[in-house]
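As given, the protein sequences belong to chains A and B, one line each in that order.
Read in order, the letters of the first sequence correspond to residues 10 to 185 in the numbering used here.
Read in order, the letters of the second sequence correspond to residues 10 to 185 in the numbering used here.
Think of the CB as a built atom: it goes at the ideal place given N, C-alpha and C, for glycine as much as any other residue.
Reviewing the structure listed below.
Protein chains: 2
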Amino acid sequence: MLDAAIELFGEQGFDKTTAGDIAARAGVTERTFFRHFADKREVLFSGPGSLDEMVAKGVAAADEDASPLQMVIAGVRQAAVELVAVRTREQAADRVRIVEATPALRERELLKMATMTAAAQAALVERGVGEPTAGLAAHSAAAVFQTAFTRWVSGDTDLGLPECVDEAAAALRDLY
Amino acid sequence: MLDAAIELFGEQGFDKTTAGDIAARAGVTERTFFRHFADKREVLFSGPGSLDEMVAKGVAAADEDASPLQMVIAGVRQAAVELVAVRTREQAADRVRIVEATPALRERELLKMATMTAAAQAALVERGVGEPTAGLAAHSAAAVFQTAFTRWVSGDTDLGLPECVDEAAAALRDLY
DNA sequence: TCCTCCGATGTCAGTGACTGACATCGACGG
DNA sequence: CCGTCGATGTCAGTCACTGACATCGGAGGA
């Protein structure tokens with residue numbers, strides 16, 4: 010079903026593909042499609058294991074005497090490690106191509122990213138960081154992740170995703 | 010039309026309000042509604058003067074020998090100044106209440122924010138900042154703006170929006 | 001003054017995303 | 001062999017949005 014969706018989106022684009030098309034290729038009914046996914050876009054965002062949990066785990070496991078920023082960055086690095094275990098760069102690139110081509114999908118991606126940011130913030134607060142600081146740090150970490158992911162997918166580098174995170178984190182430090 | 014929409018969303022919520030309802034209260038047809046707004050959500054995001062332009066203007070006007078981060082923050086501060094000239098805190102709070110209550114609207118808001126971030130990044134690049142640095146700085150500035158805006162709207166402070174931006178910018182510096 | 005043109009609006013029919021209610025069917029325990 | 005239950009199919013309906021075409025009122029020229 011997920012495969013059917015990715016195929017069709019790749020072939021004819023997201024907008025030209027109806028929910029019925031996807032269901033048909035997957036051998037089910039449109040109705041069952043909507044029982045599995047809240048809406049048509051969600052097909053592309055419902056892999057196993059959410060970014061949220063990965064990041065939260067990473068933050069929780071971060072070094073005791075690290076700064077808030079170091080803790081969240083450890084969190085997104087952890088997420089990066091777990092992510093490459095599930096998806097190849099090739100798959101990620103295909104997915105990115107589809108998402109970038111459709112505003113509606115970009116929107117959904119931003120929502121997922123915001124959810125991850127909120128999870129990171131909550132995890133920081135859990136570890137005793139103040140609210141405003143946690144929010145700022147979480148957003149910074151999200152920026153690092155996004156920068157790293159974009160670079161990784163672009164193919165301009167041979168680095169793995171976690172190494173790209175390290176690189177982006179270093180660039181962030183240089184902002185000051 | 011915009012007023013009709015805000016009223017109805019406040020009264021019965023976004024989901025329970027059809028595009029036809031809004032049009033009817035505004036004394037026009039549903040079809041005309043969709044000629045003015047790309048979709049139902051867009052009503053809440055199509056005020057006069059976009060954040061993008063304000064930020065870009067602010068970045069362009071920033072001090073010559075400022076750091077990239079200082080430039081973008083000047084940009085969002087400029088946007089803050091122009092924004093309070095158009096909307097009262099009360100109006101902003103009403104709008105926030107509606108948006109927060111509806112995932113679909115949160116999504117759209119995130120898209121607008123991302124657009125602003127992209128504009129900020131482009132403005133930085135325009136002033137000679139390197140791509141990755143510009144991206145990170147723009148995201149940081151977006152985080153500052155969001156933090157400031159949230160605080161301003163919350164009513165926990167008597168500060169104006171621009172002053173909240175200053176406050177958040179100071180908190181960002183303290184991350185290091 | 002009348003005609004013409006044009007932008008804004010109304011009308012209508014159609015597509016597609018999603019939802020609720022109900023029927024069906026196959027596995028599984030009793 | 002029967003009852004139950006979760007997953008699926010069926011069907012009808014609502015609503016967001018779109019394209020094609022008709023209408024209408026005002027600005028400007030003959």
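Open item on the list: I'd like to know if the segment 111 to 124 of chain B and the segment 87 to 98 of chain B are in contact, where contact means that at least 3 CB-CB pairs between them fall below 8 Å.
Closed with: no
Task: Residue from 65/B, 19/B, 25/B with nearest C-alpha to residue 151/B - done: 65/B
Open item on the list: Within a Cβ cutoff of 8 Å, which residues of the same chain sit near residue 183/B, ignoring the five residues on either side of it in sequence?
Closed with: none
Task: Option nearest residue 59/B by Cα separation, candidates 139/B, 76/B, 43/B, 85/B - done: 85/B
TODO: Indicate the three-state DSSP secondary structure (helix, strand or coil) for residue 73/A in the structure shown.
DONE: coil
Task: Residues near residue 105/A in its chain [Cβ-Cβ closer than 6 Å; skip 5 each side] - done: 162
Task: Simplified DSSP state of residue 168/B, which is helix, strand or coil - done: coil
- [ ] Answer yes or no: do residue 75/B and residue 83/B have a C-beta to C-beta separation smaller than 8 Å?
- [x] yes
TODO: Just the C-alpha distance for residue 139/B and residue 54/B, rounded to the nearest angstrom, thanks.
DONE: 31 Å
Task: Residue nearest to residue 98/A in terms of C-alpha spacing, selected from 22/A, 170/A, 21/A - done: 170/A
Open item on the list: Rounding to the nearest angstrom, what Cα-Cα distance links residue 34/B and residue 45/B in this structure?
Closed with: 15 Å
- [ ] Scan the segment 52 to 85 of chain B for residues whose Cβ lies nearer than 7 Å to a Cβ of chain A and list them as they occur along the chain.
- [x] 77, 78
TODO: Specify the secondary structure class of residue 120/A as computed by DSSP and reduced to three states.
DONE: helix
Task: Exposed unless 16 or more other CB atoms sit within 10 angstroms - verdict on residue 164/A - done: exposed
- [ ] State buried or exposed for residue 49/B, treating a residue as buried only when at least 16 other CB atoms are found within 10 Å of its CB.
- [x] buried
TODO: May I ask which residues mark the beginning and end of the alpha helix (DSSP H) holding residue 57/A?
DONE: Here residue 57/A belongs to no alpha helix (DSSP H), and DSSP marks it neither H nor E.
- [ ] Go ahead and pull the three-state DSSP assignment for residue 49/A.
- [x] helix
Task: residue 145/B versus residue 181/A - alpha carbon distance - done: 6 Å
- [ ] Find the residues of chain B that neighbour residue 180/A, judging by a C-beta separation of less than 7 Å, and give them in chain order.
- [x] 141, 142, 145
- [ ] May I have the straight-line CA-CA distance separating residue 63/B from residue 179/A, to the nearest angstrom?
- [x] 30 Å
TODO: Assign residue 70/B to one of two classes, buried (16 or more other C-beta atoms within 10 Å of its C-beta) or exposed (fewer than that).
DONE: exposed
- [ ] Use the C-beta contact count for residue 77/A: other C-beta atoms within 10 angstroms, 16 or more gives buried, fewer gives exposed.
- [x] buried
- [ ] Could you tell me whether any Cβ in chain A is nearer than 8 Å to the Cβ of residue 152/B?
- [x] yes
Open item on the list: Can you tell me whether residue 30/B is helix, strand or coil according to DSSP?
Closed with: helix
- [ ] State yes or no: is the C-beta of residue 30/A within less than 8 Å of the C-beta of residue 128/A?
- [x] no
Open item on the list: For chain B, check one thing: does any of its Cβ atoms lie closer than 8 Å to the Cβ of residue 88/A?
Closed with: no
Task: Burial state of residue 116/A (16 or more Cβ within 10 Å) - done: buried
Task: Through-space distance from residue 37/B to residue 130/B, alpha-carbon basis - done: 40 Å
TODO: Kindly list, in the order they appear in chain A, the residues whose Cβ is closer than 7 Å to that of residue 156/B.
DONE: 141, 144, 145
Task: residue 166/B versus residue 24/A: straight-line alpha-carbon distance, rounded - done: 45 Å
Open item on the list: Classify residue 132/B: buried if its beta carbon has 16 or more other beta carbons within 10 angstroms, exposed otherwise.
Closed with: buried
Open item on the list: I'd like to know whether the C-beta of residue 109/A is nearer than 8 Å to at least one C-beta of chain B.
Closed with: no
Open item on the list: Quick check: what's the CA-CA separation for residue 101/B versus residue 121/B?
Closed with: 16 Å
Open item on the list: Measuring only the C-alpha atoms, how far is residue 11/B from residue 27/B?
Closed with: 14 Å
Task: Start-to-end residues for the alpha helix (DSSP H) that takes in residue 184/B - done: Careful: residue 184/B lies outside any alpha helix (DSSP H) and carries neither H nor E.
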